[in-house]
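Enquirer: The structure follows.
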Amino acid sequence: MIYLKFADEKKSAEEWGIVSLKVERLNGAADSAKITFADEETAASIPADCNLEIFDADLRKFCGQVVETPKVLSGARRRAQITAKNAWAHLEGIVYQQLWESSETESGEVFFQPVQRSKVVLGQNSSGEKIDTAAQAQNILQYAISCGAPLAIGTIDASSQMLLDQRSDISCAEALKRTLRWLPNSQIYFDYAAEGLPKINVVQRKNLPQAELLENGAGTLSLSVKSRPDLRLNGVVIKYERENSSGENVWRTIEEESYPEDLGTPTKNTLVMTVELAGSRERVKVYELVCETIQPESKQWWRSHIPSLPEDFEILETSRSHPELTRELVKGQLASHINARSQSDVISAKISLADESGKSAQQTLNLTLRATNAVSGSYPEFTPTLLREPKPEGMAKSIYEAACDLQYQGEAAVLGLCAEKFAGKKLALTLADGTSVSAPAVGIVEDFAKETTSVKFGPPTHLYADDIVELFRINRDRLIPETFSTSNIEKEEVPLDLPILDTTQNLPDYERLTISDHDETAPRIIDINAEDLDEGSGAKMRRVAVVKNGQLAYAKILMTDPEIEEEDAGGA
Numbered sequence: 036m037i038y039l040k041f042a043d044e045k046k047s048a049e050e051w052g053i054v055s056l057k058v059e060r061l062n063g064a065a066d067s068a069k070i071t072f073a074d075e076e077t078a079a080s081i082p083a084d085c086n087l088e089i090f091d092a093d094l095r096k097f098c099g100q101v102v103e104t105p106k107v108l109s110g111a112r113r114r115a116q117i118t119a120k121n122a123w124a125h126l127e128g129i130v131y132q133q134l135w136e137s138s139e140t141e142s143g144e145v146f147f148q149p150v151q152r153s154k155v156v157l158g159q160n161s162s163g164e165k166i167d168t169a170a171q172a173q174n175i176l177q178y179a180i181s182c183g184a185p186l187a188i189g190t191i192d193a194s195s196q197m198l199l200d201q202r203s204d205i206s207c208a209e210a211l212k213r214t215l216r217w218l219p220n221s222q223i224y225f226d227y228a229a230e231g232l233p234k235i236n237v238v239q240r241k242n243l244p245q246a247e248l249l250e251n252g253a254g255t256l257s258l259s260v261k262s263r264p265d266l267r268l269n270g271v272v273i274k275y276e277r278e279n280s281s282g283e284n285v286w287r288t289i290e291e292e293s294y295p296e297d298l299g300t301p302t303k304n305t306l307v308m309t310v311e312l313a314g315s316r317e318r319v320k321v322y323e324l325v326c327e328t329i330q331p332e333s334k335q336w337w338r339s340h341i342p343s344l345p346e347d348f349e350i351l352e353t354s355r356s357h358p359e360l361t362r363e364l365v366k367g368q369l370a371s372h373i374n375a376r377s378q379s380d381v382i383s384a385k386i387s388l389a390d391e392s393g394k395s396a397q398q399t400l401n402l403t404l405r406a407t408n409a410v411s412g413s414y415p416e417f418t419p420t421l422l423r424e425p426k427p428e429g430m431a432k433s434i435y436e437a438a439c440d441l442q443y444q445g446e447a448a449v450l451g452l453c454a455e456k457f458a459g460k461k462l463a464l465t466l467a468d469g470t471s472v473s474a475p476a477v478g479i480v481e482d483f484a485k486e487t488t489s490v491k492f493g494p495p496t497h498l499y500a501d502d503i504v505e506l507f508r509i510n511r512d513r514l515i516p517e518t519f520s521t522s523n524i525e526k527e528e529v530p531l532d533l534p535i536l537d538t539t540q541n542l543p544d545y546e547r548l549t550i551s552d553h554d555e556t557a558p559r560i561i562d563i564n565a566e567d568l569d570e571g572s573g574a575k576m577r578r579v580a581v582v583k584n585g586q587l588a589y590a591k592i593l594m595t596d597p598e599i600e601e602e603d604a605g606g607a
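Structure, rendered in structure tokens:
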């Protein structure tokens with residue numbers, strides 16, 4: 036007996052006053068149930084979005100929600116029809132979104148937090164890693180479930196390489212179908228007999244279980260079959276093109292993949308497809324270095340670093356902490372990619388120069404600078420900002436194997452309500468002349484009033500190209516993700532920073548220092564002569580107590596260490 040459960044109310048079809056009931060199952064589209072009530076008032080009492088389950092005894096044959104109610108079919112009989120659709124309608128009504136990291140600024144600090152974004156890139160996960168069709172399909176369905184889609188995930192047997200595909204504001208249903216374009220022999224169907232929520236399954240044709248159907252078998256009402264050689268591929272050629280950029284330089288690379296490997300020259304029904312892959316993108320930093328030779332024996336070199344030096348002096352001796360580095364880094368900075376090194380180098384020189392009286396004086400010069408073995412020039416550093424999109428391996432083979440077999444399509448009608456026998460199955464058909472063909476079921480209609488089941492089989496009309504021309508357009512509207520954009524970036528020049536440069540002059544180191552106002556008549560002279568000091572002694576500024584205006588005061592005086600005069604023993 037057939038039962039229908041609207042919301043929490045379950046009654047037989049007869050008790051509901053149902054005169055017609057048809058359930059249609061489609062591959063990659065919404066399954067639907069069309070129910071005709073004898074009484075319009077009963078149909079009108081069914082609220083929109085009401086949950087509906089249909090049972091044949093204890094076997095659940097449909098689960099969905101009411102989407103249309105009521106529709107009057109006959110004014111005289113006052114019949115009305117309502118329509119319910121399964122969970123695929125939820126996939127069509129939920130916009131697919133992906134998690135992305137979004138930068139936020141708070142109190143001057145930048146941090147990242149995950150946000151949902153409706154501009155999605157099919158073929159990669161939230162971490163930016165490439166994923167195959169099975170993982171992408173799983174992710175889409177999991178997102179739909181998190182948004183309230185009343186379904187469970189069953190078997191996902193659809194693993195194949197896919198290309199990155201950027202889309203904006205697409206539904207979960209569209210995202211799933213775009214994903215499975217790269218595996219055009221996939222079947223999508225719902226299992227209503229499962230406990231709990233109905234399970235959605237994605238299975239490749241080659242892995243579908245078989246369901247036998249004999250043209251002359253008991254219960255077969257009709258069977259029609261036709262071959263579709265126009266859908267059979269002779270080969271697949273994929274040309275992967277990338278536009279790469281490095282600073283101002285742009286170049287294109289082309290890689291070709293074909294299957295079968297001995298394909299040769301493409302002929303009729305050979306799929307030739309150009310696939311744009313995101314190329315590599317590099318930022319160029321240019322480090323400008325200005326270096327000069329270190330010449331500690333040159334007077335001119337010393338005067339260029341210490342302009343206060345007189346023109347006439349003699350270099351007595353020099354020393355360096357890093358004599359192996361022969362150049363000074365005047366401007367710029369070394370980066371890790373430059374094959375050179377630098378050190379802080381202390382350069383010393385003892386010089387002799389004459390004072391105004393003609394006497395010679397010695398002076399020690401100390402100079403700290405950045406020594407290096409680099410040479411002047413421009414040093415570009417190439418930093419990849421975006422890695423090139425990898426070429427999918429085996430994609431030509433996957434597409435070829437999905438469409439190389441001779442396809443059959445047709446329709447069969449059998450007695451009984453037996454959608455479960457054919458849903459998600461590959462029909463093994465035996466014709467009256469003994470010919471055997473195989474084709475997956477793509478559409479099933481159960482007529483509960485007539486107790487018959489109609490089965491359409493062949494290429495999946497919602498996934499597979501209807502003709503070879505459409506198959507050739509499989510990649511036509513694909514968009515390269517903007518995150519793999521190959522637009523140019525101008526080179527970035529690193530500012531010329533001044534290196535460390537310290538000069539220390541031990542001035543003066545004279546034997547005698549004479550300071551004069553050069554008055555010829557009555558010159559004022561300060562004469563400091565080291566020879567006036569005792570051997571081993573020295574004079575320096577010292578704090579001395581003095582009396583000023585009758586009070587104790589202190590002053591800084593250039594003086595030697597005080598010496599206590601010993602009394603003469605003979606004068607005691």
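Position 445 of the sequence shown, counting from 1, maps to 480 under our numbering, and the rest follow consecutively.
Ideal Cβ positions, reconstructed from N, Cα and C, are used throughout, including at glycine.
Using CA atoms only, rank isn't needed, just tell me which of E296, Q171, R113 and A467 is closest to S194.
Expert: Comparing Cα-Cα distances from S194 to each of E296, Q171, R113 and A467, the minimum goes to Q171.
Enquirer: Tell whether a beta-carbon distance below 9 Å holds between S162 and V150.
Expert: Cβ atoms of S162 and V150: not closer than 9 Å.
Enquirer: Taking the alpha carbon of I180 as the point to measure from, which residue in K234, L157 and E141 has its own alpha carbon closest?
Expert: Answer by Cα proximity: K234.
Enquirer: With burial defined as no fewer than 16 other Cβ atoms inside 10 Å of the residue's Cβ, what is the status of P427: buried or exposed?
Expert: Burial call: buried.
Enquirer: Please state the DSSP three-state secondary structure of E75.
Expert: Helix at E75.
Enquirer: State the start and end residues of the unbroken alpha helix (DSSP H) segment that holds Q171.
Expert: Taken as a continuous stretch (DSSP letters only), the alpha helix (DSSP H) holding Q171 covers T168 to S181.
Enquirer: With three or more C-beta pairs closer than 8 Å as the rule, is the region 397-415 touching the region 266-277?
Expert: No: the two stretches stay apart, fewer than three of their Cβ pairs being nearer than 8 Å.
Enquirer: Between R316 and R287, what straight-line distance do the alpha-carbon atoms span, to the nearest angstrom?
Expert: Near 12 Å, if we compare the C-alpha coordinates of R287 and R316.
Enquirer: Between the beta-carbon of K40 and the beta-carbon of L87, is there less than 9 Å?
Expert: Yes.
Enquirer: Under 9 Å, do V155 and I81 count as touching if we go by C-beta distance?
Expert: The answer is no: Cβ separation not under 9 Å.
Enquirer: Who are R405's beta bridge partners in DSSP?
Expert: Beta-bridge pairing links R405 to S379.
Enquirer: Are the region 295-302 and the region 468-479 touching by the rule of at least three beta carbon pairs closer than 8 Å?
Expert: The region 295-302 is not in contact with the region 468-479.
Enquirer: How would you call A83, buried or exposed, if buried means at least 16 neighbouring beta carbons within 10 angstroms?
Expert: Classification of A83: exposed, given that the 10 Å Cβ count is below 16.
Enquirer: Do the region 427-437 and the region 340-348 make contact, defined as three or more Cβ pairs closer than 8 Å?
Expert: Counting Cβ pairs under 8 Å, fewer than three are found: no touch.
Enquirer: Near Q148, which residues of its chain fall below 7 Å by C-beta distance, leaving aside the five closest residues on each side in sequence?
Expert: Cβ neighbours of Q148 beyond the five flanking positions: S137 and E139.
Enquirer: Count Cβ pairs between the region 119-134 and the region 65-76 that sit closer than 8 Å; are there 3 or more?
Expert: Yes, they touch.
Enquirer: Starting from the C-beta of S387, find all residues in its chain whose C-beta is less than 6 Å away, skip the five residues before and the five after it, and write them out in chain order.
Expert: Once the five neighbours on either side are set aside, the close Cβ partners of S387 are E349, L351, S395 and Q397.
Enquirer: Does the region 212-229 come close enough to the region 48-66 to have 3 or more Cβ pairs within less than 8 Å?
Expert: Yes, they touch.
Enquirer: What's the gap between the Cα of L593 and the Cα of A580?
Expert: If you take the alpha carbons of L593 and A580, they lie about 13 Å apart.
Enquirer: Kindly indicate which residue of P494, E598 and D567 has the alpha-carbon position closest to the one of R263.
Expert: Considering only alpha carbons, the answer is P494.
Enquirer: Is there contact here, the region 322-333 with the region 400-419, by at least three beta-carbon pairs under 8 Å?
Expert: Flag = yes, the region 322-333 and the region 400-419 touch.
Enquirer: Just the Cα atoms here: how many angstroms apart are A124 and F97?
Expert: Roughly 14 Å between the two C-alpha positions.
Enquirer: At which residues does the beta strand (DSSP E) containing F41 begin and terminate?
Expert: First-last of the beta strand (DSSP E) with F41: I37 to F41.
Enquirer: Where V58 and E103 are concerned, what is the direct C-alpha to C-alpha distance, given to the nearest angstrom?
Expert: When rounded, the distance between both Cα atoms is 15 Å.
Enquirer: Tell me, which residues are paired with A65 by DSSP?
Expert: Answer is none; A65 lacks a bridge partner.
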